[in-house]
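Numbering (the working numbering), first residue to last: 88 to 561. For glycine and all other residues, C-beta sits at the position ideal for the given N, C-alpha and C.
Take a look at the structure:
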């Protein structure tokens with residue numbers, strides 16, 4: 088019996104081996120063959136897009152005949168990609184589930200000669216590219232005419248009529264593609280990228296009603312974006328629209344930005360990936376040190392306070408969320424429109440002086456670090472401005488940070504500062520009062536000691552002085 092059992096076991100093992108070797112190798116989820124005639128040999132990089140970031144998705148090598156193959160066991164994330172080619176050339180593809188494709192083109196005119204098989208979305212992308220490229224030269228000439236002549240000139244009216252005609256032709260072309268391929272990712276991509284028509288509302292006197300037009304345009308700006316489709320986040324469309332909506336279609340004043348950004352974030356709140364991207368981009372775009380908008384960090388503070396909470400910010404840890412919210416709580420005290428916190432600390436002579444002891448109607452709080460290059464550069468201007476304005480209702484209060492007593496005293500001596508300067512080695516005197524993460528930092532307080540300006544450089548101070556002193560004389 089034993090030999091028989093052994094024979095049976097050996098047979099089973101042999102059969103198992105046969106079965107194992109007979110299993111075909113895994114198929115490529117992504118297989119892109121490209122033949123670009125005239126392209127030099129070298130490395131090819133495939134660059135993807137997510138939100139506001141580009142990333143290296145994959146790479147391969149093109150041979151001397153212009154042929155390269157990109158194989159992947161795991162599929163690419165659906166979205167918009169472009170190949171970076173040798174010789175400073177590139178071309179784009181639009182990827183969905185159809186990731187087996189062949190691309191043929193001439194290196195001297197890749198877009199115009201591109202032939203696509205196997206990928207409907209990339210084929211439609213190039214069909215649209217080619218249609219528009221035939222009109223681009225004329226559109227460029229029309230644009231020059233429109234800039235050259237006033238709106239009442241016959242030349243302007245003729246050029247505008249032709250421009251409108253071309254725009255309608257482009258819409259008709261896209262509509263034709265949409266009807267033929269209603270379920271294609273290409274349609275979602277293009278519809279999302281379209282901007283609303285400018286309605287050209289006019290006032291009773293015939294003038295353009297710019298405000299009404301802008302409000303309509305902004306209200307309908309996101310109409311074409313399907314927030315249930317995460318594929319669009321992997322194209323440039325969503326970021327380009329978000330950036331334009333927030334930074335170009337809204338006055339760059341914190342209250343105005345918040346008024347427009349908050350409803351948009353509320354709109355995407357049910358769509359996790361859009362919510363994550365929108366909140367982070369809007370908030371970080373106005374973080375202190377990253378924006379030129381005065382008091383732009385008010386937008387950052389608002390976004391963190393309302394949306395970066397343990398129940399909403401699913402992408403981060405409770406520890407990180409707590410640290411961020413702590414940082415924001417420190418920033419809140421010194422936002423514009425709030426009462427400037429008082430600071431009381433020691434001067435070089437050892438006496439304690441506070442901001443609120445200063446009698447001048449305008450006070451500049453100057454926060455500096457002696458080893459900061461920008462502080463060193465601005466220091467002479469600060470002393471000069473103090474000398475010029477000290478008898479006109481302006482005083483300065485300097486606060487040294489991130490330094491030592493000896494370095495502080497040396498800095499004051501070198502720059503011949505004669506206005507009030509204080510330093511607290513323990514940092515207790517200023518902690519949680521005037522937020523500063525980059526020096527120098529300048530805050531201006533009015534007669535009520537309300538913060539009326541911040542995030543300034545020395546050469547901007549006098550404009551504020553003149554404006555505020557005029558108010559006091561009214």
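Distance between beta carbons of residue j and residue i, contact taken as under 8 Å
i           : j           : result
residue 506 : residue 487 : Going by Cβ atoms, the distance from residue 506 to residue 487 rounds to 13 Å, so no, they are not a contact pair.
residue 498 : residue 457 : 4 Å
residue 552 : residue 442 : Residue 552 to residue 442, Cβ: 17 Å. No contact.
residue 192 : residue 123 : 5 Å
residue 133 : residue 144 : 5 Å
residue 329 : residue 362 : Going by Cβ atoms, the distance from residue 329 to residue 362 rounds to 12 Å, so no, they are not a contact pair.
residue 337 : residue 347 : 5 Å
residue 153 : residue 194 : 7 Å
residue 454 : residue 546 : Residue 454 to residue 546, Cβ: 18 Å. No contact.
residue 157 : residue 119 : 4 Å
residue 203 : residue 172 : Residue 203 to residue 172, Cβ: 17 Å. No contact.
When the options are compared against residue i, the one with the closest alpha-carbon
i           : options               : result
residue 162 : 188, 203 and 280      : 188
residue 248 : 233, 158 and 260      : 233
residue 459 : 298, 489, 125 and 214 : 489
residue 352 : 388, 381 and 393      : 393
residue 382 : 350, 209 and 339      : 339
residue 402 : 426, 387 and 367      : 367
residue 184 : 324, 195 and 270      : 270
residue 180 : 414, 246, 160 and 210 : 210
residue 121 : 205, 160, 504 and 407 : 205
residue 526 : 391, 422, 375 and 491 : 375
residue 373 : 149, 142, 397 and 422 : 422
residue 250 : 223, 433, 359 and 164 : 223
Residue i classed as buried or exposed, judged by whether at least 16 other C-beta atoms fall within 10 angstroms
i           : result
residue 530 : buried
residue 544 : exposed
residue 295 : exposed
residue 275 : buried
residue 168 : buried
residue 298 : exposed
residue 166 : buried
residue 291 : exposed
residue 341 : buried
residue 263 : exposed
residue 540 : buried
residue 285 : exposed
residue 142 : exposed
residue 259 : exposed
residue 491 : exposed
For residue i, the three-state DSSP class (helix, strand or coil)
i           : result
residue 392 : helix
residue 318 : helix
residue 294 : coil
residue 487 : strand
residue 504 : coil
residue 175 : coil
residue 541 : strand
residue 147 : strand
residue 231 : helix
residue 479 : coil
residue 455 : strand
residue 301 : helix
residue 209 : helix
residue 370 : helix
residue 334 : helix
Cutoff 8 Å: residue i Cβ touching any chain D Cβ
i           : result
residue 285 : Judged by its chain identifiers, the structure shown contains no chain D, having just a single protein chain.
(message) Taking 8 Å as the cut-off, does the segment 312-331 touch the segment 260-280 (at least 3 CB pairs, one atom from each stretch)?
(response) yes
(request) Flag this pair as touching only if the segment 470-485 and the segment 409-419 have three or more C-beta atom pairs under 8 Å; answer yes or no. (result) no
(message) Using 8 Å as the cut-off, can you tell me whether the segment 424-435 makes contact with the segment 515-533, which would need three or more C-beta pairs spanning the two stretches below that distance?
(response) yes
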